[in-house]
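Here the structure comes first, spelled out in structure tokens, and everything after it is commentary.
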Amino acid sequence: MTATTDTEAVEDVESFRARARAWLGETFARVDAPDDPIGDRLRVEGRDVHADAERARMGQRMLREGGFAGITYPKEYGGRGLRAAHLHAFTHEARAYDLGGSGPMFAMTLGMMGPTLLELGSDDLKARYLPRMIQGDDLWVQFLSEPTGGSDLAGAVTRATRDGESYVISGSKVWTSAADYSDFGFCLARTDWDVPKHRGLTMFVVPLRAPGLEVIPLRLVTGATGFCQEFFDNVVVPAADVIGEVNDGWTVASRLLVHERNAIAGGSEFHDMDTGGTRADGPERVGRRVDLAELARARGLADDSHSRQLVAEADVLATVNRQLSSRLQTATALGVLPPAAGSLLKLFGSTAHVRTSDITMELSGSSGVVWPGDDRSAGLGVDFLFRQATSILSGTSEIQRNIISERVLGLPREPAPDRDLPFREVRHNTMPKRAGSE
Amino acid sequence: MTATTDTEAVEDVESFRARARAWLGETFARVDAPDDPIGDRLRVEGRDVHADAERARMGQRMLREGGFAGITYPKEYGGRGLRAAHLHAFTHEARAYDLGGSGPMFAMTLGMMGPTLLELGSDDLKARYLPRMIQGDDLWVQFLSEPTGGSDLAGAVTRATRDGESYVISGSKVWTSAADYSDFGFCLARTDWDVPKHRGLTMFVVPLRAPGLEVIPLRLVTGATGFCQEFFDNVVVPAADVIGEVNDGWTVASRLLVHERNAIAGGSEFHDMDTGGTRADGPERVGRRVDLAELARARGLADDSHSRQLVAEADVLATVNRQLSSRLQTATALGVLPPAAGSLLKLFGSTAHVRTSDITMELSGSSGVVWPGDDRSAGLGVDFLFRQATSILSGTSEIQRNIISERVLGLPREPAPDRDLPFREVRHNTMPKRAGSE
Amino acid sequence: MELELQDDQELFVETTRRFLEAESPLTRVRDLYEDPVGFDRDYWRRGAELGWATMLVPEELGGGSVSGAGLLDLELVAEEMGRTVAPGPLLPVNVVADTLARSGRPDQQEAELAGLVSGERIATWAFAEPSSRWDAGGVALGASERDGAWVLSGTKSYVQDAAVADEWLVTARTGDSLTQFLVAAGTPGVTVAPLQSLDMTRRFGDVVFDGATVDGSAVVGRVGDAAADVERQLQVALTVQNAETVGAVNRVYEFTLEYAQDRMAFGRPIGSYQALKHRFADMKMWLEACNATATASARAVQAGADDAPKLVSTAKAYIGDRAPAIVQDCVQLHGGIGVTWEHDLHLYLRRVAQNAALYGSARDHRLRVATLLGV
Amino acid sequence: MELELQDDQELFVETTRRFLEAESPLTRVRDLYEDPVGFDRDYWRRGAELGWATMLVPEELGGGSVSGAGLLDLELVAEEMGRTVAPGPLLPVNVVADTLARSGRPDQQEAELAGLVSGERIATWAFAEPSSRWDAGGVALGASERDGAWVLSGTKSYVQDAAVADEWLVTARTGDSLTQFLVAAGTPGVTVAPLQSLDMTRRFGDVVFDGATVDGSAVVGRVGDAAADVERQLQVALTVQNAETVGAVNRVYEFTLEYAQDRMAFGRPIGSYQALKHRFADMKMWLEACNATATASARAVQAGADDAPKLVSTAKAYIGDRAPAIVQDCVQLHGGIGVTWEHDLHLYLRRVAQNAALYGSARDHRLRVATLLGV
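Residue numbers (the numbering used here), protein chains in the order written: chain A, 944 to 1381; chain B, 944 to 1381; chain C, 2 to 376; chain D, 2 to 376.
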């Protein structure tokens, strides 16, 4: 599925690529390693995220002006109405340029929320928001996870209560990346407590500066931030800002997750962060990219067969990760594997990250846990503290294994006692009290 | 619990040990590594098991004559009526002597079936069989596993039908060690199909040379044998030869399993194969004991840091296995851990064996899979084929993990749809047809 | 394994698969356990008629491949043979044919290739030695020139089908460099000592050269210039081996997954237990990764890419570790039946474990990757 | 960790535990993250009153232990401190006190031990160097004699509490052998450069000796004869470290198991999912094995057994691998909350990961075991 109609004449991909290459060269500076404000922020304290966001918005605006924004989005919303091949061609060419970090910064907006809005949003919502996304005005986030919910996204207990032409939302969301500098959110809230959990949820558009909505950056084990927790205290949104149908929010959330998986697997038709393989050691990778060969040399281990094998093992995992990514794109495109096969890549990336993190610790030895200088996060051991993050965030490895075994392999589903119960009868976790609230 | 009464005067352990030492020295030849006919048989083709059994029976008879058989069994059945401490003292002293393999060969008979008979057998059965076990006349086996059952011992489909004063048994058992040279078996069979599975089983004494009972040695991946499969075709046993109560066979089987676990953990009060730690790399170990340091030297890897670490890793696992065994004995004796903690040791031994097998393969390299000479089982790769055996036999590692998580840690039990259903309504595997039958 | 095949390739795979099903069922593999040769020459000839030995030989030399990318077609055959743990000298014959086609003199090509391609003759590569190093540095067998002839002394080991081969392609040390010789079976001074092998059907031997003398015409390529040929031979051998291993593991995984869906324990299929489900998920991930790296490295070798040496070693390092681990976990999932002779699992485990160790173990190839990374 | 305690030991553990709960709750540990010293001297003095620094010092020198087996009592304290990731110089002070008690001259014992035992003074062991080798062979800092005094040049690194210590026990190279010196803080020519540390409260420093001169009376033991002392110091350090690590992991496992029993997902406690149950089972197995090897090696060191060097390294090799793995899996089982600053898991992970790397990694100790196995 692409956003073009077959009746239109479409520019040839190679001619498009040539135009893009020329334009990029005239417009942007070349860089060796494009900035990744999102990944970097998880490690480094004190990065100015508002400046990052401003730069990314500017980059996206320039793309729009050059005619290279929203390449596969319909023209009526400010897109170019082209095909995935054009998108991939453009991204491939753009890899070497500094686009202000707009690639990663707009990944969620244009790769997940935009496509979902396009599929399920009302005409009014699409007209209101899609052009602003494409021209770099607004960054979007998703409010799915809750402190009480863990992996069980459909067990959301944030409540939305109808009040005339509005809904009033109260509750808490967590693990929202980018909420502290973005503009709008998709918010999943419970609108009916008397039906089973998947059938009482509704998805709302919530402006991040709405009264009653408080966004708190979450401090991570590394000392840095990068995710937020939000507290909704009677936040009022218009009933017209429901995405999809009332009580059909799970459908919307499911589409979001599909788009997320596609984006991670590099298979998105709407926003392609990098087809060149530079994110090959897992799109969810966090922490520094360490040159392990250099580390081994610096630690005097270049002649040690055990250390040499560790260096090679990490390299093998990175190479195979890239090869697997490419294979799975083909397999899902051909229908040899179902879309859920994206979970295979997520799981591979996470487990490869774990192993690479262990290898890094082993090669760094004492110097990884005690180090000179003033920087408390300079030691490689600090990255080790965050080792599991890639195996937890955006769907834990346990959830990925469930998905693979049930939806790729067709093994029987786990018994879920809550599946058919009215939600108010389901055993769930209680919301921890907020310090100072009530 | 020991088999002595407190009113009797009991010989001091050290004086008993001194007597044992003297007697052993006079009676048996010293050996460096005692023969282990049972373990050896799993690897080597063509071992004369009947001769092994005869030698073991002779050894046991000599123990009986010297007054050192059935040390903790009651005197009325031909035992010595002493305590576990005497047993352990004797075994410790006996380690260095060639007792004709009676230790391992009578391990099941005196460590599992004997104790269970003592606890649950009728006076008649005890009087009939215990003295013969202790004086080395009879070897016993257990018929629990079935081809259709896997880990689910209580799902037995071998049937025993009442016929006057007899029962008629038909079905098949498998993974019986020693059935091809032993004398009697504990056989678990279904006597009531209209109650849940645990409540319709009965345990019978079955003579191995009963008409209609066929014992077939099972060929293993290594090419060797060591286990048998049995086919019961209307085998008739007297109703008096039921152990425990009719339809209460699961209680008997459970006690057997407890005694088995104790024997494996070295905690049996009835038969102590070896307290000296020579079985420390797992009582379930099969395959050759390889000197990995020597292997590394022979393969020119003595200066290779990776290979040196592999050698050390295997040694570390063997050492920790011994230390864990000792700790768990103390912990269960003190009640710090429940008896089910024996599963921790079984699991450790199995996983350590897997790792050690991998290390052996890695160190042997090409020479493990292609080797000179005429012996098709000489290559270390042949042991690798049997790597999983320790993780499967006597309760799979999956079952051990269930036991640990449920009975040691108190986590919720797995849903078992068959637990409360009448057995005939339970979905179970069908018995594969025997070639040539019907 | 390859996801996108040309129509010709589909047909080729289908033909090979049907041939193997008919001519080499697992019962036949079991029978061959007792056979000293391990395969039937007629079976091999008829396989060769399907094209099993032509793929790396250009059409003008009597070969040809269905897709034009011979190594990728060879990969497909190797995978099918892995799926059925089929016997036969696929790897050594193709390695030698490839070397002759690339570096042989026209008279050698003329004399040898037709027989290899037709399956009438069998040749094998005698490279490794008792040191069991699978790199050029491990070649100690020496060749010295004397009056236009060459005298070979030393021992080759781990030589597949050594006893049945009509020729051995021998990698020898000539001073600081390597030279390869095509030596005919029966040459005086050469003896073959059979070795035992873990695989059911694959046979190996030591080939001992005790001052054996060969004519100067036995040299393949230029004297002292065999390094590139040896690298190519290793790449071809590893491509075949990796494909075969991956084919075998794909098949084992398939029937184990089926078994888990059918086999009941405690009133439920064992495949409904989450602990097992998660292991199947992990195995699927490793297996897709094995497939991915095998095909990616084959493509690199086919294309003669600069990074082919690293990608081939990467594939072997990954597959050599994961493949035996997956098969062993499949044994575990089968329970007791999985360690019996009667079950077919061990036929696969033997092949996969043997492949893991030959042509360099995972460890050896990690060290090669490290060297290529400059450490 | 130890399963059977004497009554006196039970009381001792109980007293220590209550003290730590009151004086060093995890909130206090968090506060100390910002403290350059990492512990409060008064807290340490009051801990010492409980006997934290007396255990390896014989009664006649002002020490004493509750059980008579001082190292086993020390192990108990270390375990409790691990359970609460408590701060303080337990390891270095006891290592130095032990060395002085065993090898010091009476005047050194007189001058130093009372202060160490009472907690008034703090001493630390300056052994490793920037090469981060944790064996005698890694000692490069040289000491040379000049007119009855000794001149020290070189750099010690990874020195715990280097900046706050009143004395450093310095292991120096004197020709082919080792000699140890007790050097007072403030000695001219010695400077301390603080280092950053992964642990919340444990501080380290480089101690740089730039031709620093100490009197001959600073020598501890005999000149050139420190090898046995160094081996003993490593054994004591590893015993304390292993006990602390095991205590920390025991605690993490306890609260993670509780969490899994309480935390719901999809209408069930997460501890009811078989995949997680099996991981808890594996972790319990590893954890019992960690406890087993830690206590067995402590007993061997206490007894001065011949195999103490091997058992201590075995314990570190096992625990150094398993402990971080268990804690990381506990992080995974907690989900997102487990990677937040607000959750206490990282306090433990920091301590455990740091311990894994210091005084020799699992790798280093495996190599030592290999050497002891003759390979």
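We put the CB at the ideal spot given by N, CA and C, even for glycine.
As a beta-bridge residue in DSSP terms, residue 1127(A) pairs with 1083(A) and 1150(A). Close partners of residue 1319(A) in chain D (Cβ separation under 8 Å): 197.
In the three-state DSSP reduction, residue 1188(A) falls in the coil class, being neither helix nor strand. Between the C-alpha atoms of residue 232(C) and residue 23(C) there is a straight-line separation of about 36 Å. By the criterion of a C-beta distance shorter than 8 Å, residue 1120(A) is surrounded in its chain by 981, 1051, 1084, 1169, 1170 and 1171, once the five residues flanking it on both sides are discounted. For residue 1250(B), a Cβ of chain A is located within less than 9 Å of the residue's own Cβ. DSSP assignment within the stretch 272–354 of chain C yields the following whole alpha helix (DSSP H) runs of 4 residues or more, N-terminal first: 275–304 and 309–335. With respect to chain D, the C-beta atom of residue 278(C) has a partner C-beta closer than 9 Å. For residue 45(D), the enclosing alpha helix (DSSP H) has its first and last residue at 42–50. Taking 9 Å as the CB threshold, residue 1344(A) lines the interface with chain C. One thing to note: residue 1205(A) has its Cβ within 9 Å of the Cβ of residue 1054(A). Here the stretch 215–229 of chain D lies against the stretch 177–184 of chain D, with 3 or more beta-carbon pairs under 8 Å apart. Between the stretch 191–209 of chain C and the stretch 339–359 of chain C there are three or more inter-stretch CB-CB distances shorter than 8 Å, so the stretches are counted as touching. Judged by their CB atoms, residue 1073(B) and residue 1024(B) are not nearer to each other than the 9 Å cut-off.
In the three-state DSSP reduction, residue 1156(B) falls in the strand class (E or B).
Under the DSSP definition of a beta bridge, residue 183(D) partners with 170(D).
Not one beta carbon of chain B lies nearer than 9 Å to the beta carbon of residue 253(D). The residue among 1267(B), 1082(B) and 1261(B) with its C-alpha nearest the C-alpha of residue 1045(B) is 1082(B).
Neighbours of residue 1258(A) across chain C, judged by C-beta separation under 7 Å: 370 and 374. With contacts defined as CB atoms closer than 9 Å, residue 13(C) and residue 63(C) fail to qualify as a contacting pair.
The shortest CA-to-CA distance from residue 1326(B) to any of 1270(B), 1077(B), 1036(B) and 1312(B) is the one to 1312(B). Contact between residue 1030(A) and residue 1246(A) does not hold, since the beta-carbon distance rounds to 47 Å and is not under 8 Å. For residue 1325(A), the enclosing alpha helix (DSSP H) has its first and last residue at 1323–1328. In the structure shown, residue 135(C) adopts coil according to DSSP, grouped into three states. Where residue 109(D) is concerned, the enclosing alpha helix (DSSP H) starts and stops at 107–119. DSSP places residue 56(D) in the coil class of the three-state scheme, outside both helix and strand.
For the pair of segments examined, the stretch 1120–1137 of chain B was found to touch the stretch 1146–1163 of chain B: the number of CB pairs separated by less than 8 Å reaches three.
The contact set of residue 268(C) on chain B, defined by CB atoms closer than 9 Å, consists of 1095, 1098, 1140, 1359, 1360, 1361, 1362, 1364, 1369, 1370 and 1371 in chain order. If you check each beta-carbon in the stretch 1300–1333 of chain A against every beta-carbon of chain B, none falls closer than 7 Å.
Of the candidates 314(C), 341(C) and 335(C), the residue whose Cα lies closest to the Cα of residue 357(C) is 314(C). With fewer than three CB-CB distances shorter than 8 Å, the stretch 1313–1332 of chain A does not count as touching the stretch 1274–1285 of chain A.
Between residue 1295(B) and residue 1260(B) a beta carbon distance of about 4 Å is seen, short of the 8 Å cut, so the two are scored as contacting.
Remark: C-beta atoms of residue 192(C) and residue 171(C) do not approach each other more closely than 9 Å.
Here residue 270(D) is actually not in contact with residue 1090(B); their C-beta atoms are around 36 Å apart, not less than 8 Å. Beta-bridge pairing by DSSP links residue 1072(B) to no other residue.
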